[in-house]
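In our numbering, the protein residues as written are 5 to 335. Encoded as structure tokens, the structure appears first; notes follow it.
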């Protein structure tokens, strides 16, 4: 049964199912054909959050998550991770919910789980951000992929405060995430790019126009986010994915890199929907397994004491593959 405290947290911190619909948010893509498909994604996040914030036992939470559709299950884990993160930072509470979730069945959804931590950050004061990432020394993706939490924060801000972060295109104050404050706005922009795919409901010309409306210096990261969202979430067919690749122009390597990360995340979670395969073929020119192999051999283990994090070095390695391919083919 829901607890009184759990119900209060849910009401204060989480949007309702209706609140995440495109019509409620006033998105220009509200009437698009892809809207119902894409709206099911944030609605799955809301479900996961509600199940997690009610303080249910681990077995019950994991059982509820396991009952969701495989295509949407990772998004439900996003919401559950968001809830566990909020509970972990509350004073006088257990502080291991997130770690236990991510070392259990949530491990295969680690990429989306980090994004869920970013959703929690959007509802927590910056003073608590240093406490949100659990120590996961046995994970191959810790700490490099914790930048996806910043990506998730950027997506959340663009989705729920579109006027500020998309229309006015504000730039956030730097934050020393992993000791790289200057990279923080770039990782946030990757999340904003993902949000543009939803805001414009996978309508390729509108998504491309939205990216181009930003300063030129921000577009590479925005295109990377668009590629990740398009390949992971879908919402259109092969012809539209082909058009998206053309629209990216000189930023095709960044678009492809985002798609490769989506393929890696989908494959790691154990379910690859048809649209991910179609997107990878169109944007990266390879099958899903080829994209997974590229992601794996491009990974960087440590920051190496340089000016950018390992996460960005990993992205650059993937992008370099597509840049060299493009030069050799003249495409």
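We put the CB at the ideal spot given by N, CA and C, even for glycine. None of the values given here were measured: they were computed from a predicted structure.
Range of the contiguous alpha helix (DSSP H) that encloses residue i
{"i": "residue 102", "result": "101-106"}
{"i": "residue 43", "result": "39-57"}
{"i": "residue 255", "result": "Unbroken run through residue 255: none, as it is neither H nor E."}
{"i": "residue 163", "result": "151-164"}
{"i": "residue 78", "result": "74-93"}
{"i": "residue 70", "result": "62-70"}
{"i": "residue 287", "result": "278-288"}
{"i": "residue 227", "result": "223-237"}
{"i": "residue 125", "result": "114-125"}
{"i": "residue 203", "result": "188-203"}
{"i": "residue 140", "result": "Element bounds for residue 140: n/a, residue is neither H nor E."}
{"i": "residue 29", "result": "26-29"}
{"i": "residue 132", "result": "Counting along the chain, residue 132 falls outside any alpha helix (DSSP H), and DSSP gives it neither H nor E."}
{"i": "residue 302", "result": "292-302"}
{"i": "residue 209", "result": "208-216"}
Close beta carbons around residue i, own chain, < 7 Å, minus the five adjacent residues each side
{"i": "residue 296", "result": "267, 268 and 271"}
{"i": "residue 252", "result": "227 and 259"}
{"i": "residue 11", "result": "Reliability fails at residue 11, whose pLDDT of 42 lies under 50, so the model's placement of it is uncertain and the value that follows must be treated cautiously. Excluding sequence neighbours, residue 11 sits near nothing in its chain."}
{"i": "residue 5", "result": "Caution is warranted here: a pLDDT of 39 is assigned to residue 5, below 50, making its placement in the model unreliable, and the coordinate value is therefore given only provisionally. Closer than 7 Å at Cβ, skipping near neighbours: no residue."}
{"i": "residue 255", "result": "223, 224 and 227"}
{"i": "residue 242", "result": "282 and 286"}
{"i": "residue 264", "result": "288, 295, 298, 299 and 322"}
Nearest neighbour of residue i, chosen from the options [CA to CA]
{"i": "residue 127", "options": "107, 153 and 142", "result": "153"}
{"i": "residue 173", "options": "161, 184, 130 and 242", "result": "161"}
{"i": "residue 262", "options": "124, 196 and 234", "result": "234"}
{"i": "residue 130", "options": "170, 176 and 88", "result": "176"}
{"i": "residue 199", "options": "230, 217, 208 and 178", "result": "230"}
{"i": "residue 286", "options": "307, 250 and 179", "result": "250"}
{"i": "residue 165", "options": "321, 24 and 144", "result": "24"}
{"i": "residue 147", "options": "118, 156, 157 and 159", "result": "118"}
{"i": "residue 281", "options": "236, 88, 308 and 323", "result": "236"}
{"i": "residue 87", "options": "62, 72 and 73", "result": "62"}
{"i": "residue 150", "options": "169, 113 and 163", "result": "113"}
{"i": "residue 169", "options": "244, 218 and 45", "result": "218"}
{"i": "residue 167", "options": "155, 179, 196 and 45", "result": "196"}
{"i": "residue 70", "options": "156, 306 and 273", "result": "273"}
{"i": "residue 133", "options": "144, 115 and 157", "result": "157"}
{"i": "residue 317", "options": "307, 73 and 116", "result": "307"}
{"i": "residue 144", "options": "171, 232, 111 and 163", "result": "111"}
Cutoff 6 Å; reference residue i; Cβ partners in own chain excluding five residues on either side
{"i": "residue 31", "result": "203"}
{"i": "residue 8", "result": "A caution first: residue 8 carries a pLDDT of 39, below 50, which makes its placement in the model too unreliable to give a value."}
{"i": "residue 19", "result": "none"}
{"i": "residue 182", "result": "313"}
{"i": "residue 14", "result": "With a pLDDT of 48 at residue 14, under the threshold of 50, the predicted position of this residue should be treated as unreliable, though the coordinate-derived value follows. The answer, listed in chain order, is 54 and 57."}
{"i": "residue 135", "result": "93"}
{"i": "residue 184", "result": "313"}
{"i": "residue 109", "result": "66"}
{"i": "residue 324", "result": "none"}
{"i": "residue 319", "result": "261"}
{"i": "residue 257", "result": "323, 326 and 327"}
8 Å CB neighbourhood of residue i in its chain, flanking five on each side removed
{"i": "residue 239", "result": "38, 41, 42, 201, 205, 206 and 279"}
{"i": "residue 75", "result": "275 and 277"}
{"i": "residue 328", "result": "none"}
{"i": "residue 49", "result": "24, 79, 80, 82, 83, 86, 120 and 123"}
{"i": "residue 180", "result": "188"}
{"i": "residue 34", "result": "25, 26, 27 and 205"}
{"i": "residue 22", "result": "28"}
Chain B within 9 Å of residue i, Cβ atoms only
{"i": "residue 261", "result": "Looking for chain B here will not work: only one protein chain is present."}
Is it a yes or a no for the segment 96-103 touching the segment 131-140, going by three-plus beta-carbon pairs under 8 Å? Short answer: they touch.
Are the segment 187-196 and the segment 217-232 touching by the rule of at least three beta carbon pairs closer than 8 Å? Contact holds: three or more Cβ-Cβ distances are below 8 Å.
With a cut-off of 8 Å, do at least 3 Cβ pairs link the segment 85-101 to the segment 292-308? Because the criterion of three Cβ pairs below 8 Å is not met, the segment 85-101 and the segment 292-308 do not touch.
Count the CB pairs spanning the segment 210-219 and the segment 43-63 that are closer than 8 Å, and state whether there are at least three. The answer is no - the segment 43-63 does not touch the segment 210-219, with fewer than three Cβ pairs under 8 Å.
The segment 110-127 contacting the segment 287-295, beta-carbon criterion three pairs below 8 Å: Between the segment 110-127 and the segment 287-295, the count of Cβ pairs shorter than 8 Å is below three; the stretches do not touch.
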